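Let me begin by presenting the structure, written as structure tokens, before commenting on it.
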Amino acid sequence: MGIANHNAIVVGGGPGGSTAATLLAKAGARVLLVEKEKFPRYQIGESLLPATIHGVCRLLGVSDDLHAAGFIKKRGGTFRWGKHPTPWTFDFGSAEVNQILEFNFAYQVERAKFDELLLNNARRQGVEVREETSVTDVIQEGGRCSGVTLLDRSGRSTEARATFIIDASGNQSRLHAIAGKRVFSKFFQNLALFGYFEGGGRLPAPHSGNIFSCAFPFGWFWYIPLSQTLTSVGAVVAKEHAAKLRSGPDYAMGQFIDACPEIKQLLANATRIENGMYGGYRVRKDYSYINSRFWVPGLVLVGDSACFVDPIFSSGVHLATYSGMLAARSIATILKRGMPEAVGLDIYERRYRLEYSVFYDFLVSFYDMHQDEQSYFWKARKVLGSDQAANHAFLQLVAGAGTTVAEFLRLRERSGELFQLRVDGTVDPNKRSGLLRELMKERDMAQVHLRAVGRSAQMGRQDGLDAPLDFNPGGDPATNDGYRVSPDGLCWERLAESG
Ligand SMILES: Cc1cc2nc3c(=O)[nH]c(=O)nc-3n(C[C@H](O)[C@H](O)[C@H](O)COP(=O)(O)OP(=O)(O)OC[C@H]3O[C@@H](n4cnc5c(N)ncnc54)[C@H](O)[C@@H]3O)c2cc1C
């Protein structure tokens, strides 16, 4: 067996990989991150959620960088969806729980810039980053994954070893097969065709930074403002409409736009970008799936490598960064605090599956176009097992705070208003009653998590995602595993230890 020079090797420098690598380095681990491209590189997935910006990115230490980057502020979403023809709008900040967490807004980002910002931060935090280097194989010895084979841009092949390999190589991952089987959703069998436009219209203020999601006879469009003039436009259509692509993407997109008056109007004076990073149309299909397992000894799947579900609520980067954060915590606790590997990685898998299942479950009913927004809100309430107003449950879910409230509250508790509230009562008086109520409710989140785990297993059976998981009942009131996040956000600690 070779000597491990690193505690962890991260494969892929997207948001999932950068997050895992940075937080592990912050916890004191020696981390190598290998990325096959030279950044900045193109990626789809431009509309982000508040939980990413105010939760994970805050922990990564990039809040100021994000602010300075000048990304478009996304205060919510506008939907032409369901049985009524009139568009409806939601603002993240309208829900009390989002106000408390400061989950009031997110950003619409050019991923080339956002991903580079996160990767540069990883470097600053001590991660050794090698771009233009591909992982071509995983070395397996003595029943565990112990290293990778690397191919650099000069064509030189070398080996590198580590205690843990984190596969964050995205939906194209080939390493996920080592951990288990990728099971594609039978429900979400869509195809996305997308491109970029200059000079498209904007929704009226104050919603001009919103994502606009617009249903039309073949599926739905996303319309995402990336700057004052640049817009990302994509059509997500059922696979049976893929035949239109046989006459070329220009023809197909023309047909889709013609069938959607709202998008046609917004693009009336716009020009499609034909060259450079944003030139041409791109197509993605078969993109909703979940792996039967997220880890084996020595290897952990993070982000899209483990699972992905339809982009209607822009959950991809949230799930990637959130899972990167969870994986880093589990690995840091195994490395630094002697937690058994199976315990740490089960905590990881369970929590990631849980967050994924909340989106999956909600999205299945959201695709029922015969409902109105009130029914969707009620569904969100049911999915979260919440007793709050239905529209607030919806806002909590789509902000990325569905199952994560307790842990982000706990991190705030140490440094933010909740801490002030407890220590000297200097919190904004207008927020005081809400904060107190939230503190009381924190323990009740147990029910949400327990129900969601049950549902997750059920959902798997219904949709053919036969991913058995042997979760131990009993334990932590928050997630049923007996652990919660440490005060610095970098490890797990037993509830009994943390007091
Ligand atoms: C049509 C569509 C629309 C979407 N819209 C949104 C949206 O609006 N909002 C949102 O949040 N998400 C959206 N997503 C999802 C989003 O694109 C992904 O969830 C997100 O990029 C996942 O991040 P990641 O870090 O897991 O992987 P990635 O971002 O894919 O990063 C993986 C990295 O690994 C590198 N890599 C791959 N193989 C290797 C190798 N062998 N060796 C070394 N490096 C390697 C790649 O070059 C890449 O940089 C959308 C997805 C689709 C399909």
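Using our numbering, you'd call the opening residue of the sequence shown number 8 and step up by one each time.
Glycine is no exception: its CB is placed at the ideal position from the N, C-alpha and C atoms.
For clarity, every value in this text was computed on a predicted model and none was experimentally measured.
Distance between residue j and residue i (C-alpha atoms, nearest Å)
{"i": "Lys43", "j": "Phe191", "result": "26 Å"}
{"i": "Glu348", "j": "Tyr490", "result": "14 Å"}
{"i": "Ala453", "j": "Gln272", "result": "Only weak support is given to the placement of Ala453: the predicted model assigns it a pLDDT of 34, under 50, and the value that follows is read from those uncertain coordinates. Cα to Cα, the separation comes out at about 47 Å."}
{"i": "Leu124", "j": "Asp72", "result": "8 Å"}
{"i": "Gly68", "j": "Val316", "result": "28 Å"}
{"i": "Gly24", "j": "Ala406", "result": "22 Å"}
{"i": "Ser164", "j": "Ala245", "result": "42 Å"}
{"i": "Ser493", "j": "Gly206", "result": "47 Å"}
{"i": "Leu233", "j": "Gln115", "result": "6 Å"}
{"i": "Gly345", "j": "Ala36", "result": "14 Å"}
{"i": "Arg137", "j": "Gly77", "result": "27 Å"}
{"i": "Ala334", "j": "Pro268", "result": "44 Å"}
{"i": "Asp394", "j": "Ser254", "result": "50 Å"}
{"i": "Gly100", "j": "Gly149", "result": "51 Å"}
{"i": "His214", "j": "Val309", "result": "33 Å"}
{"i": "Ala277", "j": "Gly216", "result": "17 Å"}
{"i": "Ile51", "j": "Val142", "result": "22 Å"}
{"i": "Gly19", "j": "Thr140", "result": "10 Å"}
{"i": "Ser364", "j": "Ser161", "result": "42 Å"}
{"i": "Gly287", "j": "Ser239", "result": "12 Å"}
{"i": "Pro92", "j": "His377", "result": "11 Å"}
Limits of the alpha helix (DSSP H) - the one that residue i falls within
{"i": "Trp229", "result": "That residue, Trp229, is in no alpha helix (DSSP H); its beta strand (DSSP E) goes 226-232."}
{"i": "Val405", "result": "397-405"}
{"i": "Gly202", "result": "No alpha helix (DSSP H) holds Gly202; the beta strand (DSSP E) holding it covers 197-205."}
{"i": "Tyr296", "result": "No alpha helix (DSSP H) contains Tyr296, which is instead part of the beta strand (DSSP E) from 296-298."}
{"i": "Tyr531", "result": "Because residue 531 is not part of the residues shown, which for the chain are 8 to 506, the question remains open."}
{"i": "Tyr258", "result": "256-265"}
{"i": "Gln272", "result": "268-273"}
{"i": "Leu342", "result": "323-344"}
{"i": "Phe110", "result": "Where Phe110 is concerned, there is no enclosing alpha helix (DSSP H), given that its DSSP letter is neither H nor E."}
{"i": "Gly21", "result": "Segment: none, Gly21 is in no alpha helix (DSSP H) and carries neither H nor E."}
{"i": "Gly351", "result": "348-373"}
{"i": "Leu252", "result": "No alpha helix (DSSP H) contains Leu252, which DSSP labels as neither H nor E."}
{"i": "His183", "result": "183-186"}
Collapsed DSSP secondary structure at residue i in the structure displayed
{"i": "Val309", "result": "coil"}
{"i": "Gly6", "result": "Given that the chain is displayed from residue 8 to residue 506, the structure contains no residue 6 and the question cannot be resolved."}
{"i": "Ala27", "result": "helix"}
{"i": "Leu39", "result": "strand"}
{"i": "Val104", "result": "helix"}
{"i": "Cys314", "result": "strand"}
{"i": "Phe191", "result": "strand"}
{"i": "Asn178", "result": "helix"}
{"i": "Leu158", "result": "strand"}
{"i": "Thr411", "result": "coil"}
{"i": "Ala212", "result": "coil"}
{"i": "Val290", "result": "strand"}
{"i": "Val134", "result": "coil"}
{"i": "Val303", "result": "strand"}
{"i": "Phe78", "result": "coil"}
{"i": "His61", "result": "helix"}
{"i": "Leu56", "result": "coil"}
{"i": "Met284", "result": "helix"}
Residue i, enclosing beta strand (DSSP E) - first and last residue
{"i": "Asp91", "result": "Residue identity check: residue 91 is His in the sequence provided, not Asp. First-last for His91: undefined, no H or E at that position."}
{"i": "Arg168", "result": "164-174"}
{"i": "Ser239", "result": "237-245"}
{"i": "Tyr114", "result": "113-115"}
Sheet register partners of residue i (DSSP bridge)
{"i": "Gly83", "result": "Asp98"}
{"i": "Tyr383", "result": "In DSSP, Tyr383 forms no bridge with anything."}
{"i": "Cys152", "result": "Gln147"}
{"i": "Phe223", "result": "Gly226"}
{"i": "Ala15", "result": "Val38, Phe171"}
{"i": "Glu44", "result": "Answer by DSSP bridge pairing: none, since Glu44 is not bridged."}
{"i": "Ser393", "result": "DSSP, once it has assigned bridges, lists no residue as partnering Ser393."}
{"i": "Thr140", "result": "Asp159"}
{"i": "Thr501", "result": "The sequence given here places Arg at residue 501; Thr does not occur at that position. Tyr490, per the DSSP bridge assignment."}
{"i": "Ile218", "result": "Gly84"}
{"i": "Arg279", "result": "Phe204"}
beta-carbon residue i near ligand 3 non-hydrogen atom, thresh 8 Å
{"i": "Val405", "result": "With respect to small molecules bound, the structure shown includes ligand 1 and not ligand 3."}
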